[in-house]
Amino acid sequence: MSMSYNFIKFTCKKEDICSAISNVSKAVSQKSPIAALEGIKVRLEENSLELTGYDLEIGIITSVECTSECGSDGECRGEWILNSRLFSEITRRMPSEYINYEIDENLNMKIFGGQAEYQISAISAQEYPAIPEFENDRGVSVSQTVLKSMIDQSNYAVSLNDSKPVLTGELFDIENGSFNMVAVDGFRLAIRHEKQSSQENFYFVVPSKALLEASRLLKDDAEKECEIFVNTKHVVFSVNGCRIFARLLEGDFVKYKNSIPNTFKTEITVNTRELIHCLERCSLILSEKNKAPVKCCFENDQIRVSCRTAVGSFDDAVPAQINGENIVIGFNNKFLLDSLRAADSDLVKIQMNEPNKAVKIIPPDGDSFTFIIMPIQIRG
């Protein structure tokens, strides 16, 4: 959009614009060959100021109310790009409740409030890459509390390895009134399940970064639901006045339902917090330099946890209810801890077959989550 004006003035409430800058800056590129992407695009339309952060993978757009004075052409509109860090810091440190902005045709911006005044340079919005066009044609609405829980309880199992990009995101599998959010990294699998009233079926993979940003904006006590719109290439989360959009990840996701064990020889019921504390004590002798499997012996109504590294050894036990055969199995301590921390129940059930077969962790009642961990062979 080309602009022709002498100058435009607008005023924002400091609290509102600080919040908006904080939200969109999470999607601003830290280092990009396109200089414009290291800034926030600011678009004024009458009494609404729209802010955009975009790094070509995910984008966040939000708006704040403002009061504006028109340029000489009578139009109260314009768009510019401002350095993200500078815009944020200046706005945050302004001493007044309201902040005034004034920009001229050469993209010189004055920012003033109280006795403080800054002059900074903006750059042309024509250098900003086009935001993907999006028709809100197919979508689903989810409670903010539920969606936040689903993301937070499954994201730990997303792959950090770029060799298979599709696994660096989470699968949204919505079908026949069932909603599964799935993450897998080759060593573990997390499935978070909820009932869903959607009449349509969906199957798409969202980058982990976009989900973490969505989780940050979701509110546990919000009345309005989060609206999710999807097309063949992009997904948009519309939540609390913000729109988070992301390019969907392409590729074949793991056929995760085939990875879930349906039978077990041993089932343990244990206090989640007690086992977490035990494994946290064990982690004190483990590090990147000193790696070793954690040996878990399930017998005599207890879980005996032991480990030996170059630093020293550890031995502890927690009470548990054990049904079935006794079993000794080795785990990656972090993987087991991540799964238990993601569980939102006081008790968990751990189901096992053989020392070299996948282990399943589920809630004591219901099917809200299913966590799968591959064991580690114990030598000696």
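No gaps in the numbering here: position 16 of the sequence shown is 47 in this note's numbering, and each next residue is one more. We put the CB at the ideal spot given by N, CA and C, even for glycine.
Requested in this report: Would you identify the three-state DSSP class for residue 118, choosing helix, strand or coil?
Outcome: helix
Query raised in the report: Taking the alpha-carbon positions, what's the residue 380 to residue 172 distance?
Result: 31 Å
Query raised in the report: Are the CB atoms of residue 270 and residue 249 nearer to each other than 7 Å?
Result: yes
Requested in this report: Starting from residue 333, trace the beta strand (DSSP E) both ways and give me its first and last residue.
Outcome: 333-339
Query raised in the report: Which whole-angstrom value describes the C-beta separation of residue 43 and residue 97, a residue pair presumed to lie in contact below a C-beta threshold of 8 Å?
Result: 5 Å
Report task. Express the C-alpha separation of residue 132 and residue 413 in angstroms, rounding to a whole number. Result -> Only positions 32 to 411 of the chain appear in this structure, which leaves residue 413 out of reach.
Query raised in the report: Can you tell me where the alpha helix (DSSP H) with residue 365 in it begins and where it stops?
Result: 364-373
Query raised in the report: When DSSP labels each residue in this structure, what does residue 190 get in the three-state scheme?
Result: coil
Query raised in the report: Below 8 Å, can you find three or more Cβ-Cβ pairs linking the stretch 226-246 to the stretch 272-283?
Result: yes
**Report entry** Residues bridged to residue 152 (per DSSP)
**Finding:** 139
**Report entry** Those runs of the alpha helix (DSSP H) which lie wholly inside the stretch 38-105 and span at least 4 residues
**Finding:** 45-56
Query raised in the report: How is residue 246 classed by DSSP in three states: helix, strand or coil?
Result: helix
Report task. Identify, in the order they occur along the chain, each residue of the same chain with its Cβ nearer than 7 Å to the Cβ of residue 65, setting aside the five sequence neighbours on each side. Result -> 160
**Report entry** residue 407 - DSSP class collapsed to helix/strand/coil
**Finding:** strand
Requested in this report: Please decide whether residue 279 counts as near chain C, where near means a Cβ-Cβ distance under 7 Å.
Outcome: You won't find chain C in this structure, because it holds only one protein chain.
Query raised in the report: How would you write the range of the beta strand (DSSP E) that residue 197 sits in, first residue to last?
Result: Counting along the chain, residue 197 falls outside any beta strand (DSSP E), and DSSP gives it neither H nor E.
Report task. Assign residue 35 to buried or exposed, taking buried as 16 or more other Cβ atoms, counted over all protein chains shown, within 10 Å of its Cβ. Result -> Any reading at residue 35 is ruled out, since the residue's pLDDT is 45, under 50, leaving its predicted position unreliable.
Requested in this report: Would you identify the three-state DSSP class for residue 287, choosing helix, strand or coil?
Outcome: helix
Report task. Compute the Euclidean distance between the alpha carbons of residue 149 and residue 215, then round it to the nearest angstrom. Result -> 49 Å
Requested in this report: For the stretch 210-247, list the beta strand (DSSP E) runs that are entirely contained and at least 3 residues long, ordered along the chain.
Outcome: 219-226 and 233-238
Query - Cβ neighbours of residue 33 in the same chain (closer than 6 Å, five flanking residues each side left out) - result: Note that residue 33 scores a pLDDT of 43, beneath 50, so its modelled location is shaky; the value from the coordinates is reported in the next line. Here the set comprises nothing.
Query raised in the report: Could you give the distance in angstroms between the alpha-carbon of residue 158 and the alpha-carbon of residue 67?
Result: 6 Å
Query - Nearest to residue 328 (by Cα), restricted to the options 348, 166 and 314 - result: 348
Query raised in the report: With 16 as the cutoff for other CB atoms within 10 Å, does residue 231 come out buried or exposed?
Result: exposed
Query raised in the report: Going straight from the alpha carbon of residue 290 to that of residue 213, what length do you get?
Result: 12 Å
**Report entry** Extent of the continuous alpha helix (DSSP H) run through residue 29
**Finding:** The chain is shown only over 32 to 411; residue 29 falls outside these bounds and no answer can be derived.
Requested in this report: Find out if the Cβ-Cβ distance for the pair residue 238, residue 200 is shorter than 7 Å.
Outcome: yes
Query raised in the report: What did DSSP end up calling residue 353 once you bin it into helix, strand or coil?
Result: strand
**Report entry** Other residues of its chain near residue 319: CB distance less than 6 Å, five sequence neighbours each side excluded
**Finding:** none
Query - Neighbourhood of residue 324 by C-beta, 6 Å cutoff - its chain only, sequence neighbours within 5 removed - result: 361, 407 and 409
Report task. Would you kindly work out how many angstroms separate the C-alpha atoms of residue 395 and residue 298, rounded to a whole number? Result -> 11 Å
Requested in this report: Taking all protein chains shown into account, decide if residue 85 is buried (16 or more other Cβ within 10 angstroms of its Cβ) or exposed.
Outcome: buried
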